[in-house]
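What follows is a single structure, written as structure tokens, with notes after it.
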Amino acid sequence: MTAQTIHPYKLASVLLQYPTVALFDGLDRLDSAARDCPKGSRRPFDRFLSWLRASPPNAVAQHYVETFDLRRRCALYLTYYRYGDTRKRGMALLSFKAAYRTAGFDPCDTDLPDYLPLVLDFAALTPRGEALLRAHRADLELVRRALQQAGTPYVDVVHAVCARLGRPGPGDLARVAQAWGQGPPREEVGLEPFAPPEYLTGKAARP
1 MTAQTIHPYK LASVLLQYPT VALFDGLDRL DSAARDCPKG SRRPFDRFLS
51 WLRASPPNAV AQHYVETFDL RRRCALYLTY YRYGDTRKRG MALLSFKAAY
101 RTAGFDPCDT DLPDYLPLVL DFAALTPRGE ALLRAHRADL ELVRRALQQA
151 GTPYVDVVHA VCARLGRPGP GDLARVAQAW GQGPPREEVG LEPFAPPEYL
201 TGKAARP
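In structure tokens:
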């Protein structure tokens, strides 16, 4: 695979995952992929990649943990900001699993189906993945705002994704406004939805 074949969503997925040695070894290839993106996405990708080049790998890794693991509002799970660890979130996760299954994909169970890098990988493979991102545009906007408020360079990666999707609509903005002031709900009642557990995990038998 050449740099030119890296889809912008795939590039965002790579950059939003924990920074490994392989990430820094592949910066030249990632730079090339960013240059091939449309202007709206290319500029934020360039800013982020410039920060990566200027930062020691161990400092980037520490920043990643402090941003995504230690800040509830910055979690990279699209439905977490609006629903927290509540039963309503379990129902929201069904839309992700249903989209994967309908497209014939069976993602691994190591992450929840709304994990943003996983959703971006899906969007890089099929238009149904981009449709899933659009359906959860309000959730993506909440992630973007949280990262912007935190002052992290990682917000540029989400800016690049949002530039490709376009501005959120009035309905999305209303949902964002409702959730933004409250933050993720703290009621922890588990993620089991009112549906068979094998449906959520994607292990139900196919017809």
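Per full-length UniProt numbering, residue 1 is the first one in the sequence shown, and the count goes up by one each step.
Backbone N, C-alpha and C define an ideal beta-carbon position, used for all residues, glycine too.
Predicted model only: the values in this text are computed from it and were never measured.
Membership of D172 in the alpha helix (DSSP H) is indicated by the continuous run P170 to W180.
Partner residues in a beta bridge of Y154, as assigned by DSSP, do not exist. Separation of P57 and R89 (C-alpha to C-alpha, rounded to the nearest whole angstrom) is 34 angstroms. The residue from T102, A103 and L118 with its alpha-carbon nearest to that of D109 is L118.
Listed in chain order, the non-local C-beta contacts of A103 below 7 angstroms within the same chain comprise T126 and R128, local neighbours out to five positions each way being set aside. The alpha-carbon of T5 is positioned some 27 angstroms away from that of L112.
Close CB contacts of V60 within its chain, under the 6 angstroms cut and outside five residues either way in sequence, are with P19 (chain order). Between the C-alpha atoms of G171 and L120 there is a straight-line separation of about 22 angstroms. Residue L15 holds the alpha-carbon nearest to the alpha-carbon of A34 among P168, L147 and L15. Checking the DSSP bridge columns, you'll see Y77 partnered with Y115.
A straight line joining the alpha-carbon of Y83 with that of L27 spans about 35 angstroms.
The beta carbon of R145 is closer than 7 angstroms to those of W180 in its chain, skipping five residues each way along the sequence.
For R137, the number of other beta carbons within 10 angstroms of its own is at least 16, and it is reported as buried.
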